Amino acid sequence: MEVFDTLLKRYGALHWWPAETPFEVCVGAILTQNTNWLNVEKAIFNLKREGLLSPQALWEIDQERLADLIRPSGFFNVKSARLKDFIGWLLAGHGDLDAMFSGDWGALREELIGVRGIGRETCDSILLYAGGKPSFVVDAYTRRLFSRLGLVRESDSYEQVRSFFMGALPHDSALFNEFHALIVEHCKRHCRTKPLCDGCPLRPICPYPRLLGI
DNA sequence: GGCCAGGACACCA
DNA sequence: TGGTGTCATGGC
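Be aware that the first sequence starts at 37, since it is given in the numbering used here, and climbs by one per residue.
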């Protein structure tokens, strides 16, 4: 895909997700919901410092203490409950992440989406970046960039946008991993709420600057 | 000091 | 099914 090649050429391979273990990916995916990643890093640092970055450890501490440790990531009361719900479901239903990822991931996706606090984006992030499954992740950046490119509609549902990518690309987890990372990296630099189109590598194929008259 | 960030969910019509 | 309010911190 032309967009992927252009972004890869500009930014290079990014090798996401920025985490040391699959479980850290899961925690980060929940903590980053509608939150700047820098704030998530502070929260994860707190958990690591306390030696709590494992399912068992997080399951055993009380929720108030967990909320206090993840405070920098915002929505800390909501997110502490979501982490507890996810870990409770994981331990009771699968035992550990290896077991969770061992079966059919299509069924796992439906199961994960059913967990309170795990929506479609968080679910796909976990599948792709923690489990290495070829499930394309659609986030606010993806929707913004590709609607500005005229390839999807801003009003399209999550599944509609995801289907666009799943239908247009080979189901390759390494490709999906890199593509989503490149989209995020690109949008942080150029495709923000207030667009920064100067120097944008996609400018030659993007109709958006013309719509803005810039 | 306002805007924004790698969502999800409850509630309502 | 679609729109709206809520949850909250911290960088710029």
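Every residue, glycine too, gets a C-beta built ideally from N, C-alpha and C. Since the model is a prediction, treat every value here as computed from it, not as a measurement.
8 Å contact criterion, which residue i and residue j should meet: CB distance rounded
{"i": "Leu-3", "j": "Thr-42", "result": "Residue 3 is absent from the model: the chain starts at 37 and stops at 250."}
{"i": "Gln-99", "j": "Ala-117", "result": "7 Å"}
{"i": "Leu-119", "j": "Leu-102", "result": "7 Å"}
{"i": "Val-61", "j": "Ala-166", "result": "4 Å"}
{"i": "Glu-253", "j": "Leu-105", "result": "Here the chain has residues from 37 to 250 only, and residue 253 is not among them."}
{"i": "Cys-123", "j": "Leu-164", "result": "Rather than Cys, the amino acid found at residue 123 in this sequence is Ile. Rounded, the Cβ-Cβ distance is 20 Å, inconsistent with contact."}
Residue i burial status per 10 Å Cβ neighbour count (16 or more: buried)
{"i": "Arg-184", "result": "buried"}
{"i": "Ile-241", "result": "exposed"}
{"i": "Arg-198", "result": "buried"}
{"i": "Phe-81", "result": "exposed"}
{"i": "Thr-229", "result": "exposed"}
{"i": "Ile-162", "result": "buried"}
{"i": "Pro-206", "result": "exposed"}
{"i": "Gln-92", "result": "exposed"}
{"i": "His-51", "result": "exposed"}
{"i": "Tyr-191", "result": "Before going further, note that residue 191 is Ser rather than Tyr in the sequence given. Ser-191 is exposed by the Cβ-count criterion."}
Return the chain-ordered ranges of every alpha helix (DSSP H) run that is complete within the region 103-183 and spans a minimum of 4 residues. 112-129, 133-138, 141-149 and 156-161
For the region 168-178 against the region 213-223, are there 3 or more C-beta pairs whose distance is under 8 Å? yes
Validate contact between the region 186-194 and the region 69-83 using beta carbons, cut 8 Å, 3 pairs: no
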